[in-house]
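For the sequence shown, the positions run 201 to 499 when our numbering is used.
Every residue gets a Cβ at the ideal spot worked out from N, C-alpha and C, and that includes glycine.
Since we're looking at a predicted model, the values are computed, not measured.
Quick notes on the structure that follows.
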Amino acid sequence: MKRIIRPIILLFLVLLVCWNLFLPGYREPYTSVLAAPDESRCFSPKCRSIIKTGGNDKAILMIHGFPSTPYLYTFFADHFFQEGYDVYAPLLPGFGTDPKDLERTSFNQWYGYIRSYYLKLRKQYGTVIIMGHSMGGALAIKLAEEFQETDQRPDALVSISAVVSYRKLSRLFVRTLAAIKPSYGTFTQSHQDRDDGQEEWTGYGGIFPRAGLSLIANLPQIRKGIPSLTVPFYAVQDKGDKTVPFSSLKTIEKLQQSERFQVWEMDMGKRSHTRHNLPMYRSVQKELASSISLFLRDL
């Protein structure tokens, strides 16, 4: 009997791992078009969209990450507004209100929302820059891939700690967890016991396997499109990033074919934080914002 049971168990485990890693038959759970989030429901005023306008002819669209909020861009919004840009950092649907809202959204819906937002800005401004952090970096890259050969082409792309690849070990059972439950131990938080500005991070805590699986499932197509990128492209990530593997930046650097590409392999050294949320770290945010500004000025 054991001779029969053991191979069956082994085969089951192999199939389960393959089902999680390669996602055969995966379909997005949510595909409907999403309206702008009701920001009166935000769990903190800091979650709300950041919009700074002053009649400029150039704009920057700043896209936040997962499961963050626009507050991450507070310093950057002020910096680039002073540089003469109108700044738009919208809250994505599902974020900043209640973790249950995120459970009922998917990557294609986030992309659909930010895509429409971008196209409206493209009609209003002569120059539009797209900037994304973490998952927002993946969204920004996907926007550039879709529109670079059209008259809605972005004038430049900035990715900060962008996720385009993920550790296989972290994907090992995410699909299984998502099938059982969409989220685990979720909560809202506006402070963390860390320094360097990380204590101001505002977003959700907990584990979101269903929404995370949606992100992971869309990354291969985004990676596939990177070699087609020709728009001016600035990419940065810290070598010790504990959230997104540093191989993401190396993948971008290897695959891109931009007409003007600048990369910064940052090394912050030992820190109590994850070295991932670069726009809000007081130790590097001014230097990083200035570096991006110089890149954009030279276009």
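Limits of the unbroken alpha helix (DSSP H) element including residue i
i: Leu319; result: Phe307 to Gln324
i: Phe495; result: Gln485 to Arg497
i: Lys454; result: Ser447 to Leu455
i: Lys368; result: Looking at the DSSP string, Lys368 is not in any alpha helix (DSSP H), and its letter there is neither H nor E.
i: Glu303; result: Pro299 to Glu303
Local conformation of residue i per DSSP, three classes
i: His279; result: helix
i: Met335; result: helix
i: Thr327; result: strand
i: Gly412; result: helix
i: Tyr285; result: coil
i: Val374; result: helix
i: Leu442; result: One point to set straight first is that residue 442 is Lys, not Leu, in the sequence displayed. Here Lys442 sits in coil by DSSP.
i: Thr386; result: strand
i: Lys381; result: coil
i: Phe433; result: strand
i: Tyr271; result: helix
i: Gln392; result: coil
i: Ser428; result: helix
i: Gln398; result: helix
i: Gln352; result: coil
i: Phe222; result: helix
i: Pro245; result: helix
Between the CA atoms of residue j and residue i - distance to the nearest angstrom
i: Gly385; j: Gly326; result: 45 Å
i: Gln421; j: Gln309; result: 16 Å
i: Ala277; j: Val217; result: 43 Å
i: Asp441; j: Ile204; result: 45 Å
i: Ala362; j: Val436; result: 8 Å
i: Ser458; j: Lys320; result: 25 Å
i: Pro432; j: Arg460; result: 5 Å
i: Arg394; j: Lys368; result: 28 Å
i: Lys454; j: Ile380; result: 37 Å
i: Tyr288; j: Leu339; result: 15 Å
i: Thr253; j: Phe373; result: 45 Å
i: Val214; j: Arg423; result: 26 Å
CB contact flag (residue i, residue j, <9 Å)
i: His279; j: Ser493; result: yes
i: Tyr481; j: Gly397; result: yes
i: Val444; j: His476; result: yes
i: Phe307; j: Ala417; result: yes
i: Thr305; j: Phe243; result: no
i: Gln462; j: Leu429; result: no
i: Leu261; j: Val364; result: no
i: Tyr434; j: Pro299; result: no
i: Ser316; j: His264; result: no
i: Tyr271; j: Glu400; result: yes
i: Arg371; j: Trp219; result: no
i: Met466; j: Lys439; result: yes
i: Asp301; j: Ala259; result: no
i: Ala411; j: Pro224; result: no
i: Trp464; j: Ser491; result: yes
i: Leu499; j: Ala356; result: yes
i: Thr269; j: Arg248; result: yes
Boundaries (first-last residue) of the beta strand (DSSP E) holding residue i
i: Ala236; result: Per DSSP, Ala236 belongs to no beta strand (DSSP E) and is neither H nor E.
i: Glu465; result: Phe461 to Met466
i: Ile263; result: Lys258 to Ile263
i: Val358; result: Ala356 to Ile360
i: Lys252; result: Ile250 to Lys252
i: Ile407; result: Gly403 to Ile407
Member of the options whose CA lies at the smallest distance from the CA of residue i
i: Tyr366; options: Leu221, Glu465 and Phe212; result: Leu221
i: Gly312; options: Leu415, Ser232 and Val328; result: Ser232
i: Met468; options: Gln457, Leu488 and Glu453; result: Leu488
i: Gly336; options: Lys470, Leu419, Asp438 and Glu303; result: Leu419
i: Ser293; options: Pro245, Thr253 and Glu303; result: Here residue 293 turns out to be Pro, not Ser, going by the sequence shown. It is Glu303 whose Cα lies nearest to the Cα of Pro293.
i: Gln256; options: Glu346, Gly284, Ala236 and Ala235; result: Going by the sequence as given, residue 256 is Asn instead of Gln. The shortest C-alpha separation from Asn256 is found at Gly284.
i: Glu228; options: Arg315, Ile250, Ser414 and Tyr404; result: Ser414
i: Ile426; options: Val287, Ile330, Lys368 and Lys342; result: Lys342
i: Ile251; options: Leu357, Ser447, Phe281 and Pro224; result: Phe281
i: Tyr318; options: Gln352, Glu345 and Leu291; result: Gln352
i: Ala378; options: Glu453, Glu346 and Ile407; result: Ile407
i: Phe502; options: Ser359, Arg322 and Ile360; result: For residue 502 there is no data in the structure shown, the boundaries of the chain being 201 and 499.
i: Lys450; options: Arg471, Ser359, Pro207 and Ser383; result: Ser359
i: Ala236; options: Pro290, Glu349, Gln324 and Ile209; result: Pro290
i: Thr388; options: Phe212, Thr350, Lys246 and Phe275; result: Lys246
Residue i: CB within 8 Å of a non-hydrogen atom of the ligand COA
i: Val358; result: In the structure shown, the ligand COA is absent, as is every other ligand, since no ligand is present at all.
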